[in-house]
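*Asks:*
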Amino acid sequence: MFSYLPWNISINKLILVIGNLPDNLDRILITNGTLITPALAEKFVVHNVFPYISIDGPPELHNAQRPYRDKRYQKDSYADAVRGLQLTRSVGIEPGISITVTEEMIPNLPQILEWLIINLGVKSVGFNMLEAIPGRSYFSNEYGRRFADALLRCQTICEKYKVYEERAMRKIKQFAKQEIYLFDCAACGEQITVAPDGQVGVCQGFVGTREFFSGNVLDREYDPRIDPIFQEWSTISPINNPDCFYCPGLGICGGGCPRNPYIEGRGIHGVDKRFCEHVLKIHKWIVFQLYDKLYK
144 MFSYLPWNIS
154 INKLILVIGN
164 LPDNLDRILI
174 TNGTLITPAL
184 AEKFVVHNVF
194 PYISIDGPPE
204 LHNAQRPYRD
214 KRYQKDSYAD
224 AVRGLQLTRS
234 VGIEPGISIT
244 VTEEMIPNLP
254 QILEWLIINL
264 GVKSVGFNML
274 EAIPGRSYFS
284 NEYGRRFADA
294 LLRCQTICEK
304 YKVYEERAMR
314 KIKQFAKQEI
324 YLFDCAACGE
334 QITVAPDGQV
344 GVCQGFVGTR
354 EFFSGNVLDR
364 EYDPRIDPIF
374 QEWSTISPIN
384 NPDCFYCPGL
394 GICGGGCPRN
404 PYIEGRGIHG
414 VDKRFCEHVL
424 KIHKWIVFQL
434 YDKLYK
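For the sequence shown, the positions run 144 to 439 when the numbering used here is used.
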């Protein structure tokens, strides 16, 4: 038996709790897709759960970035993820696809995206930036800028194939509506994270360490609305940070990931610096796209 099995059992137990959640609460499952079964896919429909499945690209790329932790288990994680994708589609759900972008992927990101669209029929994608890991440095100071450049190059591919790209569209929508984008990270007052064992916290990035986790879905007395952790995280926004007040990208920023400055020793209210370059690039692109449409 492999170490992931108890996690799968816990997920099945937690499904029993989902039916008691409020109707106006979105139910989202973040998964690598490998543990999705026909029975679990059916429960997505019954309980109105929307899955995001991580598939980073062609088999050789995906398998290199997402090997199974247990080295004795020499299966193809790409094949298992695609099987999970197909099972989800078989019950009438078109899941979102999450792509974690490494430094090595950046030069070829549009080609990787096009491969996923042509070969897997992807309809909706979200590009994830690399996150900080304590004691490790695996992306350069230029990563934020290079990520933004690659993301903008991908917009042409998305337009060509009518694919929805979540990260840029979040900001484009706010710009078009002329509304301030308060939070890019849903952990800042817009989500409740549930770990596979039922523990409740604000951010899925802390599932490993369980920092900022303080409740359990099986505890009927627990209320995240009055939890000081949730209350503090709901105030994290660039509009509350004096360092951001004069930034031209303030209106569409949302503040990035609080976990990164926390890991780097600057606290959850610190500025996610790699995100700044990303936002400024996208902001400039949106402005000039609008200018070209209006005046050219």
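Ideal Cβ placement from N, Cα and C applies to all residues, glycine included.
As the structure is a prediction and not an experimental result, all values here were calculated from the model.
#1: Note down, in chain order, each residue of its chain lying with its Cβ closer than 7 angstroms to the Cβ of Glu246, except the 5 sequence neighbours on either side.
#2: Is Asn271 near Val244, with beta carbons less than 8 angstroms apart?
#3: Are the stretch 375-391 and the stretch 247-264 in contact at 8 angstroms, needing three or more beta carbon pairs?
#4: Please list the terminal residues of the continuous alpha helix (DSSP H) segment that includes Asn206.
#5: Can you tell me whether Glu257 is helix, strand or coil according to DSSP?
#6: Between which two residues does the beta strand (DSSP E) carrying Thr231 extend?
#7: For a quick check, are the C-beta atoms of Asp386 and Asn403 less than 8 angstroms apart?
#8: Among residues of its own chain, excluding the 5 on either side of Trp150, which ones have a beta-carbon nearer than 6 angstroms to its beta-carbon?
#9: Pick out whichever of Gly408, Val430, Leu433 and Gln317 has its Cα sitting closest to the Cα of Ile276.
#10: Looking at the strands, I want to know which residues DSSP matches up with Glu308.
#11: Is DSSP giving Leu273 helix, strand or coil here?
#12: Counting pairs of beta carbons, one from the stretch 288-303 and one from the stretch 418-432, are three or more of them closer than 8 angstroms?
#13: Roughly how many whole angstroms lie between the Cα atoms of Asp366 and Ala311?
#14: Below 8 angstroms on the Cβ atoms is my contact criterion, and I expect Gly176 with Ala224 to pass it. Report the Cβ-Cβ distance as a whole number of Å.
#15: Please go through the stretch 287-352 and give each complete beta strand (DSSP E) segment of 3 or more residues, from N-terminal end onward.
#16: With DSSP as the reference, identify every bridge partner of Leu172, one or two as the case may be.
#17: Looking only at DSSP bridge pairs, what is Gly413 linked to?
#18: To the nearest angstrom, how far is it from the Cα of Ile171 to the Cα of Tyr324?
#19: Quick check on DSSP: helix, strand or coil for Ile242?
*Replies:* If we stick to the structure as given:
#1: Annotation for Glu246: Phe282, Ser283 and Tyr286 place their beta carbon closer than 7 angstroms to its own, counting only its chain and skipping 5 residues before and after.
#2: In this structure, Val244 lies closer than 8 angstroms to Asn271 by Cβ.
#3: They do not touch, by the three-pair rule.
#4: First-last of the alpha helix (DSSP H) with Asn206: Pro202 to Gln208.
#5: Under the three-state reduction of DSSP output, Glu257 falls in the helix class.
#6: Under the DSSP assignment, Thr231 falls outside any beta strand (DSSP E), being part of the alpha helix (DSSP H) whose first and last residues are Ser220 to Ser233.
#7: Pairing Asp386 with Asn403 gives a Cβ-Cβ distance that is not under 8 angstroms.
#8: In this prediction, Trp150 scores a pLDDT of 43, lower than 50, which makes its location untrustworthy; the coordinate-derived value is nonetheless stated afterwards. So the qualifying residues of the chain are Pro339.
#9: Out of Gly408, Val430, Leu433 and Gln317, Gly408 has the C-alpha closest to the C-alpha of Ile276.
#10: Partner(s): Val268.
#11: When secondary structure is reduced to three states using DSSP, Leu273 falls in the coil class, being assigned neither helix nor strand.
#12: Touching, per the Cβ criterion.
#13: Roughly 33 angstroms between the two C-alpha positions.
#14: About 4 angstroms separates the two Cβ atoms, so the contact holds.
#15: Qualifying beta strand (DSSP E) stretches, in chain order: 342-344.
#16: Note: Leu172 sits in a beta bridge opposite Pro194.
#17: Answer by DSSP bridge pairing: none, since Gly413 is not bridged.
#18: C-alpha separation (whole angstroms): 21 angstroms.
#19: Ile242: strand per DSSP, three-state reduction.
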